[in-house]
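Structure record follows, encoded as structure tokens.
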Amino acid sequence: MSDEPYLGVAFCGLTFNNPVFTASGTFSARESGRFYDFAKLGAVTTKGVSARPWLGNNTPRIAETRSGMLNAIGLENPGADRFIAEELPFIREYIGDSGARVIVNVAGHDADEYREAAEKLDGADVDMLELNISCPNIREGGLAFGADPRMAAEVTRVVRRVARKPLIVKLTPNVTDITEIARAVESEGADALSLINTLVGMSIDADRRAPLLANVSGGLSGPAIKPVALHMVYRTVRAVRIPVIGMGGIMSGVDAAEFLMAGASAVAVGTASLIKPSAPLDICAELETFMAERGYANVASLSLGTN
Amino acid sequence: MSETSARDILRPELGDFFAEIVRNEEVAAYVYRMILLINDKAGTPYPAPLPGQFVNVYLNDAGRLLPRPISACDWSNERLTLVFGAVGAGTRQMAAYAEGTRLRVGAPEGCGFDTGAARGMNRAILVGGGLGAAPLLLLADALRGYGSCAVRAVLGFGSEPFLLREFEERCDEVFVATDDGSAGFHGNAADLLKELSVSGGDSLFACGPAPMLRVLSRFAGGQGIPLQVSLEERMGCGYGACLGCACTVAGAEETALRRRVCRDGPVFNGSEVIWDV
Ligand SMILES: Cc1cc2nc3c(=O)[nH]c(=O)nc-3n(C[C@H](O)[C@H](O)[C@H](O)COP(=O)(O)OP(=O)(O)OC[C@H]3O[C@@H](n4cnc5c(N)ncnc54)[C@H](O)[C@@H]3O)c2cc1C
Ligand SMILES: Cc1cc2nc3c(=O)[nH]c(=O)nc-3n(C[C@H](O)[C@H](O)[C@H](O)COP(=O)(O)O)c2cc1C
Ligand code: FES
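Top to bottom, those sequences are chains A and B.
So for the first sequence, the numbering used here puts the first residue at 549; every next one is plus one.
So for the second sequence, the numbering used here puts the first residue at 46; every next one is plus one.
Right, here's the structure in full:
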């Protein structure tokens with residue numbers, strides 16, 4: 549075993565302390581911060597934020613499934629103004645000058661709402677915007693944009709016009725060919741991609757003979773989706789020039805390493821942090837151990853290479 | 046921004062603890078009492094649970110990942126008692142765990158009962174429906190210290206009562222109802238409560254099925270008596286991060302607001318909960 553591996557990464561003109569981020573909707577500064585020091589992560593990604601407050605869906609919003617879970621939160625959030633006034637200063641104060649980055653996940657029902665939210669959030673103290681065109685749990689917007697190359701390109705163009713910060717577009721796996729969407733948003737100026745969001749599914753409560761989720765359908769996440777996510781990351785990395793943040797079922801440092809091997813520039817941890825609150829930081833430590841034990845000097849050296 | 050700085054919230058001692066099951070026994074049909082001995086973590090003892098708080102129990106099962114929220118029922122000498130129903134795959138698994146099995150558990154979570162509300166009241170009435178009795182035991186314990194305030198428990202069961210001896214030790218009066226009339230009053234806990242009548246100076250604390258809590262909140266509202274209810278909802282994280290466990294409360298100017306059962310609750314004022322969302 550040689551020197552300690554170097555975990556820092558750089559893309560979109562930004563440096564990151566390490567390639568482990570939180571996945572949107574599974575991190576809350578006030579709550580996650582009770583369990584681990586999130587300033588030690590490469591970046592934190594917030595819950596989806598819309599121009600105005602959203603109440604989200606009725607309950608039940610959660611169903612456990614084999615090695616996974618369904619959620620249908622419906623993007624409940626306090627709206628951009630309150631997010632900027634109350635949540636963001638708290639995150640900033642917490643991370644101080646640690647170098648951790650703040651990515652804000654942007655939600656909307658239509659192109660206008662995406663633009664309005666992006667405009668407000670771009671002007672706030674965040675490092676990157678992550679455009680969520682892949683939420684399966686809202687009736688309009690969300691997935692409707694992410695599943696159609698023309699609409700995905702359109703909303704990216706609209707937001708690109710108002711966003712000066714680096715723009716990540718978050719893609720849905722609920723499509724025939726994810727690389728087609730990836731190329732469409734790349735051509736409209738996306739600086740990076742996040743994938744995957746959740747896979748649409750449902751649960752039926754056999755005792756009650758009724759759908760379990762109030763919303764009927766929800767988004768599947770957790771270890772059950774990892775092979776799908778890994779393959780989509782692998783293919784997308786080879787179809788675009790922009791960096792890819794990989795996620796979907798990462799539960800351990802080895803899982804994270806596999807996404808980096810597939811070619812992801814960074815990874816995000818979602819469901820694992822619901823099951824173990826300190827998971828993102830634990831996974832970061834496990835990744836470092838894995839790299840040290842196998843003699844990987846840096847993150848780039850994990851990648852399989854793209855040719 | 047809050048008075049405490051952002052950094053002050055970091056309390057790694059809140060992370061997961063490992064517990065050993067020292068006892069796991071059936072106390073009524075499909076109802077189990079599990080006693081956990083919880084190890085210190087790097088010298089930090091497990092925090093004593095407050096009445097109405099719950100614990101996230103993680104199963105030893107890589108296929109069933111989410112925590113099972115179970116109320117703290119009793120606590121002494123680093124031993125945590127949980128009383129749970131074997132109602133689904135996860136709790137059936139918990140029922141089958143042998144003594145000596147190790148489990149991962151979270152620190153006590155959530156905002157429990159406001160015992161201060163009983164201060165200066167004549168009488169605290171604890172209303173439990175089925176497994177809703179579980180968190181009321183720790184509450185009875187806390188209220189016993191309130192001197193002048195009498196503690197009455199009104200407990201409803203399907204057919205077979207449990208925890209009665211423990212409640213009798215800690216309450217001034219215990220009344221029992223069963224759905225099938227096999228013991229005590231024939232009916233549910235809410236019906237029995239109405240039968241016994243309440244008066245000004247009473248303060249109600251309730252846990253049980255949502256329909257029972259809804260009836261109670263109407264009743265308490267009509268009588269002008271304060272009521273705290275402990276709610277149940279399906280959870281994702283069980284610690285406030287995922288917004289899976291929403292309940293709806295009345296905000297100012299007739300707006301509806303979402304609250305998290307796991308973190309803002311599980312205990313809420315009966316009068317603020319909007320039951321028919
Ligand atoms: C704050 C709180 C305190 C609780 N305290 C107790 C207690 O002291 N004793 C007790 O017997 N039960 C208690 N419950 C209910 C208990 O959590 C469920 O019975 C249990 O999670 C069912 O798990 P399962 O694996 O057997 O059911 P499954 O149906 O197999 O579980 C599938 C998923 O649904 C969730 N789930 C299913 N039913 C419920 C429910 N009623 N409430 C919340 N989540 C549910 C499970 O946690 C799991 O994630 C409490 C619930 C809450 C919210
Ligand atoms: C409870 C929950 C809430 C989520 N909320 C959002 C969200 O607001 N915006 C978003 O882009 N993705 C959201 N996601 C998707 C995750 O960020 C992630 O893409 C997905 O869950 C796959 O990763 P995982 O298997 O590690 O969870 C959510 C996922 C979960 C489980
Ligand atoms: S269960 Fe995640 S916020 Fe309550």
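Note that beta-carbon positions come from the ideal geometry of N, C-alpha and C, so glycine has one too.
Could you please give me the residues that DSSP links to residue i through a beta bridge?
i: residue 718 of chain A; result: A/680, A/742
i: residue 767 of chain A; result: A/619, A/748
i: residue 156 of chain B; result: B/311
i: residue 83 of chain B; result: B/64
i: residue 201 of chain B; result: B/174, B/222
Mind checking whether residue i and residue j have CB atoms under 9 Å apart?
i: residue 169 of chain B; j: residue 197 of chain B; result: yes
i: residue 288 of chain B; j: residue 263 of chain B; result: no
i: residue 87 of chain B; j: residue 100 of chain B; result: no
i: residue 695 of chain A; j: residue 729 of chain A; result: yes
i: residue 184 of chain B; j: residue 200 of chain B; result: no
i: residue 244 of chain B; j: residue 272 of chain B; result: no
i: residue 82 of chain B; j: residue 102 of chain B; result: no
i: residue 825 of chain A; j: residue 579 of chain A; result: yes
i: residue 648 of chain A; j: residue 565 of chain A; result: yes
i: residue 767 of chain A; j: residue 620 of chain A; result: yes
i: residue 251 of chain B; j: residue 173 of chain B; result: yes
i: residue 285 of chain B; j: residue 821 of chain A; result: no
i: residue 208 of chain B; j: residue 220 of chain B; result: no
i: residue 568 of chain A; j: residue 785 of chain A; result: no
i: residue 556 of chain A; j: residue 846 of chain A; result: yes
i: residue 52 of chain B; j: residue 80 of chain B; result: no
i: residue 743 of chain A; j: residue 726 of chain A; result: yes
i: residue 166 of chain B; j: residue 247 of chain B; result: yes
i: residue 156 of chain B; j: residue 309 of chain B; result: yes
i: residue 258 of chain B; j: residue 276 of chain B; result: yes
i: residue 804 of chain A; j: residue 817 of chain A; result: yes
i: residue 801 of chain A; j: residue 835 of chain A; result: yes
i: residue 164 of chain B; j: residue 142 of chain B; result: no
i: residue 584 of chain A; j: residue 55 of chain B; result: yes
Residues in its own chain within less than 7 Å of residue i by CB, not counting five upstream and five downstream?
i: residue 135 of chain B; result: 104, 109, 113
i: residue 770 of chain A; result: 615, 616, 617, 797, 819
i: residue 374 of chain B; result: Residue coverage of chain B in this structure runs from 46 to 322, which leaves residue 374 of chain B outside it and unanswerable.
i: residue 611 of chain A; result: 617, 618, 751, 760, 761, 766
Residue range of the alpha helix (DSSP H) that residue i falls in?
i: residue 580 of chain A; result: 577-580
i: residue 831 of chain A; result: 827-842
i: residue 725 of chain A; result: Element bounds for residue 725 of chain A: n/a, residue is neither H nor E.
i: residue 257 of chain B; result: 255-268
i: residue 801 of chain A; result: 801-810
i: residue 821 of chain A; result: 820-823
i: residue 639 of chain A; result: 636-643
i: residue 98 of chain B; result: That residue, residue 98 of chain B, is in no alpha helix (DSSP H); it is neither H nor E in DSSP.
With a threshold of 16 other CB atoms inside 10 Å of the CB of residue i, please say whether the residue is buried or exposed.
i: residue 274 of chain B; result: buried
i: residue 319 of chain B; result: exposed
i: residue 633 of chain A; result: exposed
i: residue 549 of chain A; result: Here residue 549 of chain A scores only 47 on pLDDT, less than 50, and its place in the model should not be relied on; the value that follows carries that caveat. Under this definition residue 549 of chain A is an exposed residue.
i: residue 132 of chain B; result: exposed
i: residue 598 of chain A; result: buried
i: residue 78 of chain B; result: buried
i: residue 235 of chain B; result: buried
i: residue 657 of chain A; result: buried
For residue i, I'd like the list of residues in its chain whose CB is within less than 6 Å of its CB, leaving aside the five on either flank, ordered along the chain.
i: residue 49 of chain B; result: none
i: residue 626 of chain A; result: 601
i: residue 651 of chain A; result: 591, 593, 676, 678
i: residue 62 of chain B; result: 83, 86, 91, 150
i: residue 65 of chain B; result: 82, 147
i: residue 47 of chain B; result: With a pLDDT of only 49 at residue 47 of chain B, under the threshold of 50, the placement of this residue in the model should not be trusted, and no figure is reported.
Can you give me the Cβ contacts of residue i inside the same chain, cut-off strictly under 8 Å, excluding the 5 residues immediately before and after it?
i: residue 596 of chain A; result: 572, 573, 623, 625, 653, 654, 655, 680, 683
i: residue 705 of chain A; result: 736, 737
i: residue 119 of chain B; result: 125, 126, 182, 183, 186, 211
For the beta strand (DSSP E) that contains residue i, what are its first and last residues?
i: residue 50 of chain B; result: Taken as a continuous stretch (DSSP letters only), residue 50 of chain B belongs to no beta strand (DSSP E), as it is neither H nor E.
i: residue 794 of chain A; result: 792-795
i: residue 115 of chain B; result: 113-116
i: residue 110 of chain B; result: Here residue 110 of chain B belongs to no beta strand (DSSP E), and DSSP marks it neither H nor E.
i: residue 146 of chain B; result: Careful: residue 146 of chain B lies outside any beta strand (DSSP E) and carries neither H nor E.
i: residue 250 of chain B; result: 247-252
Would you say residue i touches ligand 4, meaning its beta carbon is less than 8 Å from a heavy atom?
i: residue 617 of chain A; result: Summarising the ligand content, the structure contains ligand 1, ligand 2 and ligand 3 and does not contain ligand 4.
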